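Residue numbers (my numbering): 4 to 598.
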């Protein structure tokens, strides 16, 4: 077969397909992305496997016509736009990415937006550096959106609006009955005060929009924020405000704090990369003493030092449920101050503070606080330069609320890892645990089995790139597969190697795992034999990832026999292995997906 490129795709593929559909991603997902297909050598600019053509013919034949069964489509070929059909009921999200569009293409796209009763979201991406969507085209698309009655979300990345184009969009959305979310990200030029006035006017009169993001504007000033806040004061429906990457500083955040004191609708505020510092955080804390609606706050790379300003936010708010910080200089002492605030807090459910240099001292202080805290459900203290821990076992033993714990790249030491296993034996609330980039004791697998063998709540474990030998890795995986509680297990880059006989036996006998990821483990075609054989007996696994595991066509063939009798596996990810061309695997997986 002739190699398929983005130039000849319509000539190579059968006419009955190309005139009625857009090609789906080879991975059976709902995210169609030609860039990913190209990068993984599945379709564009590589040879197109015959089984993929056959698969398309069989999968999308529905009552004599072909319809795509995905929900999100990414287009990087302008000719594909002319194939869009409003009758395609499954296209809910459409991304137009790096395409120079002619007037005819724009008109066809606009008609599709106007007439489709199913399209809910449009993403316009990166129309610069030669990929120009002219201002008139933006106006035409805005007019189409104004006529759509299914539209809910618009994302605009790097598009070159002129004032009239932006005015057309804000006018189109002014009284749109279904539009709920608007994102304007990374404009390639500065935002004038007059343009911010358009946003402000739009927000003052709109009564449907729930979320707006105006991010990464180079010249954002406190005056811009003041104008925006004026419109927001008259808005009573907006719930989510994202001003990330605007460097508004303390003077800019003062306008947001003033807005918070009056708003009764805002629930989420994101101010990452705004250099607000401790002064800005203190303004937010004072506003939270009055505000009773804000539930989520996000601050990343905001120039915050120490923990006092953050602790004040935790102390004063009675409604805050979600707090996110990242890459700020909080330090061990700051971690201790935050921990003190957590002890008596009764509202916060999610605390995410990775890469804040908490070290063992700061993280252990938070663990001690969680021995008495009864509300926190999610804690992420990953990448915080830990070297051991004295408190994780007591926290897991005594805490009764925490459901997710992320300790990725936290070196707990052998005793700390064993303490986790012991703590889990007495814990009945933790569901999700992430560990990785650390060393693990040789007998940790058996310790985890003993700790979890009676557990019925623990469901998810991620062990990314743990530093162990092949034998220890195999022992850990076998012991984890013996558990009856785990439903999702990830062991990526964990040195499993090709000796998988015992792993296969354990997987065949497992009755709980639904998703297993053992990618990048050098399993090879011989090792995959035992994994495939396990699927003959396993009746719970629905997703298996063996990405980048040095598997060739011969190795993939082992799955054919297994899939003849297995009706539960829905997805096998074999990306980034040697070129695999097995039509029968594709067919059998599709049968399972349709049941």
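For every residue, glycine included, the Cβ atom is placed at its ideal position computed from N, Cα and C. This structure is a prediction, so every number in the text was calculated from the model and none was measured.
Distance between residue 184 and residue 283 (C-alpha atoms, nearest Å): Walking along the chain shown from the start, residue 283 turns up at place 280. Walking along the chain shown from the start, residue 184 turns up at place 181. The alpha-carbon atoms of residue 283 and residue 184 are separated by roughly 27 Å.
Identity of the residue in 250, 197, 483, 374 nearest residue 454 by Cα: Mapped onto the chain shown, residue 454 falls at position 451. The shortest C-alpha separation from residue 454 is found at 483.
Assigned secondary structure, residue 270 (DSSP; H/G/I helix, E/B strand, else coil): Locating residue 270 in the chain shown gives position 267, where the first residue counts as 1. Correct three-state label for residue 270: coil.
Straight-line gap, residue 264 to residue 362 (C-alpha atoms, nearest Å): Counting from one through the chain shown, the residue named residue 264 turns up at place 261. Counting from one through the chain shown, the residue named residue 362 turns up at place 359. Distance between the alpha carbons of residue 264 and residue 362 is about 35 Å.
Buried versus exposed, by CB contacts within 10 Å (16 or more), residue 387: As a working mapping, residue 387 is identified with position 384 in the chain shown. Burial call: buried.
Own chain partners of residue 352 with C-beta closer than 8 Å, once the 5 adjacent residues on each side are dropped: Your numbering for residue 352 matches position 349 in the chain shown. Take residue 352, set aside five residues on each side of it, and the residues of its chain with a beta-carbon closer than 8 Å to its own are 324, 325, 378, 379, 380, 381, in chain order.
Residue 367 versus 339, 88, 346, residue with shortest Cα-Cα distance: What you label residue 367 is simply residue 364 of the chain shown in a count that begins at 1. The candidate whose alpha carbon is nearest that of residue 367 is 339.
Given residue 448 as reference, the closest of 421, 410, 467 once Cα atoms are compared: If you number the chain shown from 1, residue 448 lands on position 445. When each option's Cα is compared against that of residue 448, the closest is 421.
Beta-carbon contacts of residue 533 that lie in its chain and below 7 Å, excluding the five residues immediately before and after: If you number the chain shown from 1, residue 533 lands on position 530. By the criterion of a C-beta distance shorter than 7 Å, residue 533 is surrounded in its chain by 503, 504, 506, 507, once the five residues flanking it on both sides are discounted.
Nearest residue (CA-CA) to residue 554, options 570, 546, 528, 565: The sequence position of residue 554 within the chain shown is 551, counting from 1. Residue 528 is the option with its Cα nearest to residue 554.
Rounded C-alpha distance that separates residue 79 from residue 97: Here residue 79 refers to the residue found at position 76 when the chain shown is read from its first residue. Here residue 97 refers to the residue found at position 94 when the chain shown is read from its first residue. Residue placement at residue 79 is flagged as unreliable, the pLDDT there being 47, under the threshold of 50; a coordinate-derived value is accordingly withheld.
Limits of the beta strand (DSSP E) - the one that residue 538 falls within: Against the chain shown, residue 538 aligns to sequence position 535. Careful: residue 538 lies outside any beta strand (DSSP E), inside the alpha helix (DSSP H) at 527-540.
Straight-line gap, residue 44 to residue 429 (C-alpha atoms, nearest Å): Position 41 of the chain shown, counting from 1, holds the residue named residue 44. Position 426 of the chain shown, counting from 1, holds the residue named residue 429. Annotation note: pLDDT 28 at residue 44 (below 50); position unreliable, coordinate value reported separately. If I take the Cα positions, the gap works out to 48 Å.
Beta-bridge pairing of residue 128 - partner residues as DSSP gives them: Numbered from 1 along the chain shown, position 125 holds the residue referred to as residue 128. Residue 128 is bridged to 100, 160.
Whole-angstrom distance between residue 246 and residue 262, CA atom to CA atom: Taking the first residue of the chain shown as position 1, residue 262 is located at position 259. Taking the first residue of the chain shown as position 1, residue 246 is located at position 243. If I take the Cα positions, the gap works out to 14 Å.
Cβ separation of residue 310 and residue 337, assumed to be a contact under 8 Å, to the nearest whole Å: Indexing the chain shown from 1 puts residue 310 at position 307. Indexing the chain shown from 1 puts residue 337 at position 334. Correct: roughly 3 Å between the Cβ atoms.
For residue 390, three-class secondary structure by DSSP: Locating residue 390 in the chain shown gives position 387, counting from the first residue. Three-state DSSP puts residue 390 in a strand.
Any alpha helix (DSSP H) of 4 or more consecutive residues that is wholly inside the segment 417-499: 447-455, 473-484
Span separating the alpha-carbon of residue 134 from that of residue 103: The sequence position of residue 134 within the chain shown is 131, counting from 1. The sequence position of residue 103 within the chain shown is 100, counting from 1. With a pLDDT of 45 at residue 134, under the threshold of 50, the predicted position of this residue should be treated as unreliable, though the coordinate-derived value follows. For residue 134 and residue 103, the distance between alpha carbons rounds to 5 Å.
3-residue-minimum beta strand (DSSP E) runs that sit fully inside the segment 153-234, ordered along the chain: Listed in chain order, the complete beta strand (DSSP E) runs (minimum 3 residues) inside the segment 153-234 are 156-160, 184-188, 214-218.
Three-way DSSP call (helix, strand, coil) for residue 572 in this model: Sequence index remark: in the chain shown, residue 572 carries index 569 (1-based). DSSP places residue 572 in coil when its eight states are reduced to three.
Straight-line Cα distance separating residue 90 from residue 579: For the purposes of this step, residue 579 is identified with residue 576 of the chain shown, where counting begins at 1. For the purposes of this step, residue 90 is identified with residue 87 of the chain shown, where counting begins at 1. Whole-angstrom Cα-Cα distance: 35 Å.
Candidates 322, 250, 220, of which the one nearest residue 268 by Cα: Position 265 of the chain shown, counted from the first residue, corresponds to residue 268. Selected option, being the one with the closest Cα: 322.
Inter-residue spacing [alpha-carbon to alpha-carbon] between residue 588 and residue 413: Position 585 of the chain shown, counting from 1, holds the residue named residue 588. Position 410 of the chain shown, counting from 1, holds the residue named residue 413. Their Cα atoms are separated by approximately 40 Å.
Of the listed residues 305, 451, 296, 125, nearest to residue 141 (C-alpha basis): Taking the first residue of the chain shown as 1, we reach residue 141 at position 138. Selected option, being the one with the closest Cα: 125.
Beta-carbon proximity of residue 498 to residue 471, cut-off 8 Å: Along the chain shown, one-based indexing puts residue 498 at 495. Along the chain shown, one-based indexing puts residue 471 at 468. In this structure, residue 471 lies closer than 8 Å to residue 498 by Cβ.
With 16 other Cβ atoms within 10 Å as the buried cut-off, status of residue 180: Stepping through the chain shown from its first residue, residue 180 is reached at position 177. With fewer than 16 Cβ atoms within 10 Å of its Cβ, residue 180 is classed as exposed.
From 500, 143, 461, 151, residue whose alpha carbon lies closest to that of residue 475: Position 472 of the chain shown, counting from 1, holds the residue named residue 475. The shortest C-alpha separation from residue 475 is found at 500.
Where residue 461 falls, given that 16 or more other Cβ within 10 Å makes a residue buried: By 1-based counting over the chain shown, the position of residue 461 is 458. Under this definition residue 461 is a buried residue.
Among 425, 418, 397, 435, the one whose alpha carbon lies nearest that of residue 599: There is no way to answer for residue 599, as the model of the chain reaches only from 4 to 598.
DSSP three-state assignment for residue 115, whether helix, strand or coil: For the purposes of this step, residue 115 is taken as residue 112 along the chain shown, with counting starting at 1. Note: residue 115 maps to helix in three-state DSSP.
Residue 467 versus 203, 494, 445, residue with shortest Cα-Cα distance: Translated into positions along the chain shown, residue 467 becomes position 464. The shortest Cα separation from residue 467 among 203, 494, 445 belongs to 494.
Any beta strand (DSSP E) of 3 or more consecutive residues that is wholly inside the segment 343-368: 353-355
Where residue 139 sits in the DSSP three-state scheme: The count along the chain shown starts at 1 and reaches residue 139 at position 136. Three-state DSSP puts residue 139 in a helix.
Short Cβ contact (8 Å threshold) for residue 193 with residue 222: Counting from 1 along the chain shown, the entry for residue 193 is found at position 190. Counting from 1 along the chain shown, the entry for residue 222 is found at position 219. For residue 193 and residue 222, yes; Cβs fall inside 8 Å.
Distance, residue 188 Cα to residue 219 Cα: In the chain shown, the residue the question calls residue 219 occupies position 216. In the chain shown, the residue the question calls residue 188 occupies position 185. Computed Cα separation, rounded: 6 Å.
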